[in-house]
Structures are given as structure tokens and as C-alpha cells.
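Protein chains: 2
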Amino acid sequence: MKFCSDCAHPVSRLTPPGDNRPRYVCENCGAIHYQNPKLVVGSIPVWEHGDDLRVLLCRRAIEPRRGFWTLPAGFMENSETTSEAAQRETEEESGAHIDLHTLFSIVNVPHVHQVHLFYRATLLDLEYEAGEESLEVAMFSEQDIPWSDIAFPTVEYTLRAFFTDHARIAREGGEFLLHSEDIRHPMMRPD
Amino acid sequence: MKFCSDCAHPVSRLTPPGDNRPRYVCENCGAIHYQNPKLVVGSIPVWEHGDDLRVLLCRRAIEPRRGFWTLPAGFMENSETTSEAAQRETEEESGAHIDLHTLFSIVNVPHVHQVHLFYRATLLDLEYEAGEESLEVAMFSEQDIPWSDIAFPTVEYTLRAFFTDHARIAREGGEFLLHSEDIRHPMMRPD
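If you read the sequences in order, they're chains A and B.
Mind the numbering: the first sequence is residues 248 to 438 in the working numbering, read in order.
Mind the numbering: the second sequence is residues 248 to 438 in the working numbering, read in order.
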């Protein structure tokens with residue numbers, strides 16, 4: 248940010264009175280331009296019939312990580328809910344028809360100022376097709392997941408937690424749990 | 248937003264190619280200024296010893312809803328995690344010392360472009376004091392909660408869900424659950 252979006256005056260970087268961190272401040276009109284983390288919301292679209300358990304993934308047609316596989320997800324928009332965002336992003340990126348269930352994972356990515364949420368979902372049919380931001384869409388069983396070609400750590404974390412939870416429930420019953428994780432950039436770790 | 252924060256040119260409101268909703272776009276430098284929901288994160292600080300179950304609330308010293316009671320919470324900042332935000336806001340607004348537990352509620356407020364998250368927390372002592380944004384801080388048992396003077400519906404929802412969960416667990420065991428809700432402005436309801 249270089250200029251005030253209210254009055255076009257150049258902004259300064261300073262800590263406003265009563266605040267405790269630097270902000271973009273307009274010394275002409277007094278506006279304080281706060282910057283806050285963004286929500287990235289998506290789903291884990293599951294097809295499960297008897298022993299056939301597969302998850303839908305999309306191969307990204309856009310940067311970052313073009314060509315890599317991801318769960319359908321994207322930036323939450325103003326005026327929608329997190330569930331609506333998950334449903335919309337799934338439809339836009341994969342054309343899939345889903346029933347959305349409960350929140351499955353919340354993953355913080357503080358170095359890029361993002362929080363990622365993934366909801367479990369049931370695929371209603373296999374009539375999916377790649378949207379504009381996907382090169383292809385495909386179904387994967389656990390042993391076929393292209394682990395080395397997953398686009399983002401939040402997606403890998405969520406997929407691994409999903410299959411672990413699913414196996415536990417198959418073995419001993421119970422419910423899916425909410426999974427929380429913080430993913431920090433390797434360069435920024437305290438050690 | 249009236250001016251481009253990158254080049255100070257007046258922005259236009261239009262739907263960029265490949266997008267499906269209007270954005271603030273700079274026709275001079277090409278920047279697209281996305282606007283996304285903000286996270287408000289806080290805690291439910293609990294003091295429980297024997298039959299004594301109380302929750303810490305703060306009376307707001309700032310608008311909106313000055314003079315009304317709230318759980319400690321505020322806007323999540325860049326470069327922090329949701330847990331760090333909950334801990335920081337609790338300390339800033341109430342001076343309380345807490346251990347933070349799992350996420351308890353996620354409440355969408357789409358008409359103000361916000362998502363509110365509340366974590367359960369244990370108060371480590373009763374050495375709290377009002378921060379700059381609070382008029383006073385006090386402990387309330389369930390029957391003393393000032394329900395008609397609660398600042399925000401997300402706080403009322405979270406408090407009611409907390410006491411309901413706590414009573415269920417006291418009665419029949421089990422765990423705290425994640426509670427999800429959407430709070431829509433009365434004027435914007437489909438009915």
C-alpha cells in the first residue's frame with residue numbers, strides 16, 4: 248500500500264495513538280488502513296460406497312503451484328458464510344455436486360496471513376468437470392494420492408488427518424474430530 | 248475505496264475478466280483490490296472450582312456497543328495464528344492469565360463480513376484488570392449473566408452453547424463440541 252484509498256495522499260507506516268503495532272496511516276485524512284488475515288475455505292469431497300473410498304482433487308491451472316493437486320478451496324468472499332464459500336469454491340473448481348458436512352480442519356498459515364478451513368462433503372454423483380482454475384479433476388483412493396504433487400501443506404495435512412480419522416472410525420466407531428494445526432514457514436521457525 | 252492504493256488513480260467498480268463479481272479495479276495500473284471477510288477471535292475464560300462455575304466478561308469502553316458486555320475478542324492480526332489472537336485479545340482486554348483450549352464456536356456474520364471464533368480457556372488466577380478497551384471486567388455465573396446487555400449475538404450464542412455443553416457433560420460425560428452458527432441481519436432474512 249502506497250496511497251490512501253480514501254483520499255489518494257501517500258500513506259505513512261506508523262503506530263497510531265492507542266495502538267501497539269505499525270499501520271498504514273493517512274496523515275492527510277486520518278484514515279487507518281488495517282490489514283488482516285484472509286480465510287481460504289474449501290471441502291473434502293468424498294465418494295464412499297462399500298470398500299470404495301475416494302476423495303476428489305483438482306489439478307491447479309493457476310499460480311501459485313500450477314500443475315499441483317489440491318482440494319477445491321479459495322478465498323472467502325464478503326457477504327457469504329464459510330459453508331457457502333466451501334460449497335461455491337467446490338462447484339467453481341470441480342463442478343462437483345456435494346452435500347456439505349461439519350468443519351474438519353482449521354489450519355493457520357501465519358507467514359502468508361491466511362487461515363484455511365476445510366469442510367467434509369459427500370459427493371452426490373460423479374458428474375464433475377474441471378472449472379476455469381483447474382486443469383483436471385480426479386478421484387483418488389488413499390494409496391493413489393499424489394503426495395509429492397500436493398499443492399499446499401494445508402491440503403496435505405487435511406488429507407492425512409481425514410484418512411487417519413476415517414480409519415479410526417472404521418476400526419472403533421466414533422465421530423470425525425476437528426483438526427487444528429499451525430503451519431509455519433521453515434525459515435521463520437524459532438529453532 | 249475511492250483511489251488505487253498502488254498508484255493513487257481513481258478506482259472503478261467492475262467485474263474483471265474471468266471473475267464473476269464486481270471488484271475495485273484500477274484502470275491505470277491494473278491492480279484489483281479484493282475485499283474479504285475479517286476474523287474476530289476471542290476466548291471463553293472459565294473459572295471452575297467445585298460448584299463455582301464462572302465466566303469472565305468485559306464491559307466495552309469503545310464503540311460499537313460501548314457499555315455492553317462481551318467475551319474478550321478482537322480482530323485477528325497478520326502474522327499471528329487464531330490461538331495467538333485469542334490469547335492476545337484476552338490479555339489486552341481483560342489482563343487475564345489463561346490457558347487456551349480447543350476451538351469452541353465458529354459464527355458467521357455475513358452482513359458485516361466477519362467470522363467470529365471463540366476458544367475455551369481456563370483462568371489461571373483472578374488477577375484480571377480492565378484493559379484500555381474495557382470499562383470493567385467481571386466474573387459471572389450462568390444465572391448472573393447480563394443477557395439483555397450482551398454486546399453481540401455471536402457472544403450470546405457462544406455463552407448459551409457453552410453453558411448447555413457444560414451441563415450436558417456434567418450430566419452424562421463426554422466432550423465439548425464445536426458449535427457452528429450463521430447470524431444474519433434481520434433485514435436480510437429471506438422471510
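Glycine is no exception: its CB is placed at the ideal position from the N, C-alpha and C atoms.
- For V359(A), the secondary structure class from DSSP, reduced to helix, strand or coil, is helix.
- Here L371(A) is exposed, its C-beta having fewer than 16 other C-beta atoms within 10 Å.
- Nearest CB-CB separation between V362(A) and chain B: below the 8 Å threshold.
- In this structure, E383(A) sits away from I309(A), with a CB-CB distance that is not shorter than 8 Å.
- Neighbours of A255(A) across chain B, judged by C-beta separation under 7 Å: F250 and A255.
- Listed along chain A, no residue sits closer than 7 Å to G342(B) by beta-carbon distance, the nearest being about 15 Å off.
- Contact annotation: the stretch 312 to 322 of chain B touches the stretch 398 to 409 of chain B, with at least three C-beta pairs closer than 8 Å.
- For D429(A), the C-beta contacts it makes with chain B under 8 Å involve T328 and S330, in order along the chain.
- Contacts between F322(B) and chain A, judged by CB atoms closer than 9 Å, involve Y281 and N283 in chain order.
- For P357(B), the nearest beta carbon of chain A is closer than 8 Å to its own beta carbon.
- As the crow flies, the alpha-carbon of I345(B) is around 46 Å from that of C273(B).
- Contact with chain A is found for I353(B), since one of that chain's Cβ atoms lies less than 8 Å from the residue's Cβ.
- Between W294(B) and L347(B), the C-beta spacing is not below 8 Å.
- DSSP places D266(B) outside any beta strand (DSSP E), giving it a letter other than H or E.
- A Cβ of chain B is located within less than 8 Å of the beta carbon of R268(A).
- Within the DSSP secondary-structure output, P257(B) pairs in a beta bridge with F250(B).
- As computed with DSSP, W316(A) is found in a beta bridge with R306(A) and I397(A).
- If you draw a straight line from the Cα of H426(A) to the Cα of C305(B), it comes to about 29 Å.
- The three-state reading of DSSP puts T349(B) in strand, counting E and B together.
- Straight across, the Cα-Cα distance linking T262(B) with N267(A) is about 37 Å.
- Distance between F409(B) and L424(B), taken at the CA atoms: about 9 Å.
- The beta-carbon of G265(A) is placed less than 8 Å from the nearest beta-carbon of chain B.
- Within chain A, the residues whose beta carbon sits less than 7 Å from that of N325(B) are Q282, N283, P284 and H360, listed in sequence order.
- In this structure, the beta-carbon distance from H363(B) to V354(B) falls below 8 Å.
- Closer than 8 Å to the CB of E379(A) there is at least one CB belonging to chain B.
- Put simply, the CB of L425(B) is near chain A, with a gap under 8 Å to one of its CB atoms.
- DSSP places T369(B) in the strand class (E or B) of the three-state scheme.
- Taking a beta-carbon distance threshold of 8 Å, L347(B) does not count as an interface residue toward chain A.
- The three-state reading of DSSP puts F322(B) in strand, counting E and B together.
- Distance between P269(A) and A414(B), taken at the CA atoms: about 44 Å.
- The Cβ of L350(B) sits closer than 8 Å to at least one Cβ of chain A.
- E383(A) carries a strand assignment under DSSP once its states are collapsed to helix, strand and coil.
- Taking R312(B) as reference, the option from G277(B), E339(B), A398(B) and S330(B) with the minimal CA-CA separation is A398(B).
- Beta-bridge partners assigned by DSSP to H296(B): D299(B).
- Judged by their CB atoms, S388(B) and T337(B) are not nearer to each other than the 8 Å cut-off.
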